[in-house]
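Read through the structure below, which is laid out as structure tokens, and then see the notes.
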Amino acid sequence: MADRRWNRVSNQEPSGPNRSPRLHQSLERCSINDALLYGIRNLAKSRMDLQELLFDPDTKSFSCYAVSEALGETIVQTYTVAVVYPPSAPSISGYEEGKPIKAGDLQKFTCVSTGGNPPATLKWFKNDKELRGSEKSTTAGTTSDLVIRTEASDNGATYRCEAMNSALKKPLTATVTPSVFFPPSSVTIKMKPRKPKAGDTVTLTCETASSNPEATILWWKDGESIPGHHEGVADSTHGGKSTRNRVRFNVTSSDDMSTYTCQATNHVLRRTVHDTFVLRVLCIKFWHIVAYLTNFMSKPNLSSQYQNIKRHRSEEEKDIVSPNQRDDGTD
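Following numbering that gives the first Met the number 0, the numbering of the sequence shown begins with 0 at its first residue and continues without gaps.
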């Protein structure tokens, strides 16, 4: 009957004259659990139970040796076991939470997940949109870098790193939420009433696009600074603020073709945008024409000349004979 023993295979060279050159550590020397006689053959069985196989290497080979002392023969059967276990939860470095970044600057996030067999696969997301990172594996685990050029939409956005391997049913995650300072992209001037005439009260309202922090507004008329009235700040896109400011004045004919400029400034970033509006005061020329004609008709000599011209044209029209009329005046 054969004697049996279990060994874990290692790439290290063993010592001792009685060991196989591939054997490193004997895990268990098995005794015969049972022996059954089938005809002239004896069958020997041996079982080894392994628990908590969380030791290196992650893929292990085990060999069972059956030794017959009578025949001086040894039979070997090797079995490879791949131990699968989850990685550690990922962590994100490279950004200090709550510290603002300026729009346009480069920002690097680094996600690290250690351990795990197989090594974790890392994925990046901005809110729900997947992004491409630069991933590399080391003996300690997996690392992925994500480099972005920050913009307004990054303010308050959730950047998420997911770590996943075959031992997990759902990914392990880590998140970071950057704060970004950004200037307003534009300003807009609106006028009421839309078609003012001399004597009307006109309101010009300037409103900025979203800005973080909020922008301040200044007014100019034909290059000279004029005071405005701050109407307030409202929440806007990407976690920023929209600022409103207005000027109000009575228009005269001299205001026609005046140029009004609204300038918005994010003072933290020292970035400005502006909009220009050319004011048209309607109907000025029309009323000038009406006044001129009224004055013209009020003069006696000119009025009588006009009446004579009109009478003369009427008499000429009477002398015109239709081609269809006969000499006797009948059709």
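Backbone N, C-alpha and C define an ideal beta-carbon position, used for all residues, glycine too.
What number of angstroms, rounded off, separates the C-alpha of P118 from the C-alpha of M163?
-> 8 Å
Close-in-space but distant-in-sequence residues of the same chain around K128 (CB under 8 Å, 5 per side omitted) = none
Please check the pair G239 and A173, which I expect to be a contact at CB under 8 Å, by giving their CB distance rounded to whole angstroms.
-> Actually they are not in contact, since the Cβ atoms of G239 and A173 sit about 26 Å apart, beyond 8 Å.
According to the Cβ coordinates, are L145 and A88 closer than 7 Å?
-> no
With distances taken from CA atoms, which of S165, S209, K220 is nearest S257?
-> The candidate whose alpha carbon is nearest that of S257 is K220.
Around the C-beta of P183, are 16 or more other C-beta atoms found within 10 angstroms, so that it is buried, or is it exposed?
-> buried
Name the residue from E134, T142, G132, P177 whose alpha carbon lies nearest to the alpha carbon of T149.
-> P177
Quick one: which unbroken beta strand (DSSP E) runs of 3-plus residues sit fully inside the stretch 225-287? Chain order, please.
-> 228-234, 240-249, 257-265, 270-278
Cβ pair T73, S60 closer than 7 Å = no
Mind checking which residues open and close the beta strand (DSSP E) that includes L145?
-> 140-148
Please state whether DSSP places S62 in a helix, a strand or coil.
-> strand
Give the straight-line distance between the Cα atoms of C160 and R279, rounded to the nearest whole angstrom.
-> Note on geometry: alpha-carbon atoms of C160 and R279 lie some 56 Å from one another.
Unbroken beta strand (DSSP E) run spanning K189, endpoints | 186-191
Where the beta strand (DSSP E) through Y158 begins and ends = First-last of the beta strand (DSSP E) with Y158: 158-163.
With distances taken Cα to Cα, identify the nearest neighbour of T264 among D199, S209, D255.
-> Looking at the Cα atoms, S209 is the closest of the given residues.
Using a threshold of 7 Å, state whether the C-beta atoms of P195 and V250 are closer than that.
-> yes
Measure the Cβ-Cβ separation of R247 and T202 and say whether it is below 7 Å.
-> yes
What first and last residue would you give for the beta strand (DSSP E) that runs through S112?
-> 105-113 is the extent of the beta strand (DSSP E) around S112.
Nearest neighbour of P85, chosen from R245, T113, S185 [CA to CA] = Closest by alpha carbon: T113.
Return helix, strand or coil for Q76, following the three-state DSSP convention.
-> strand
Find out if the Cβ-Cβ distance for the pair W218, G231 is shorter than 7 Å.
-> no
For the beta strand (DSSP E) that P207 lies in, which residues bound it at each end?
-> It should be noted that the sequence gives Thr, not Pro, for residue 207. Taken as a continuous stretch (DSSP letters only), the beta strand (DSSP E) holding T207 covers 200-207.
In chain order, what residues of the same chain have a beta carbon less than 6 Å from the beta carbon of T141, not counting five sequence neighbours either side?
-> S112, P118, A119, L121
Selected residue, minimal CA-CA separation from T79, among S253, G97, S92, S62 | S62
Taking the alpha-carbon positions, what's the K135 to C110 distance?
-> 11 Å
What do you reckon, are the CB atoms on G97 and F108 nearer than 7 Å?
-> Contact: no.
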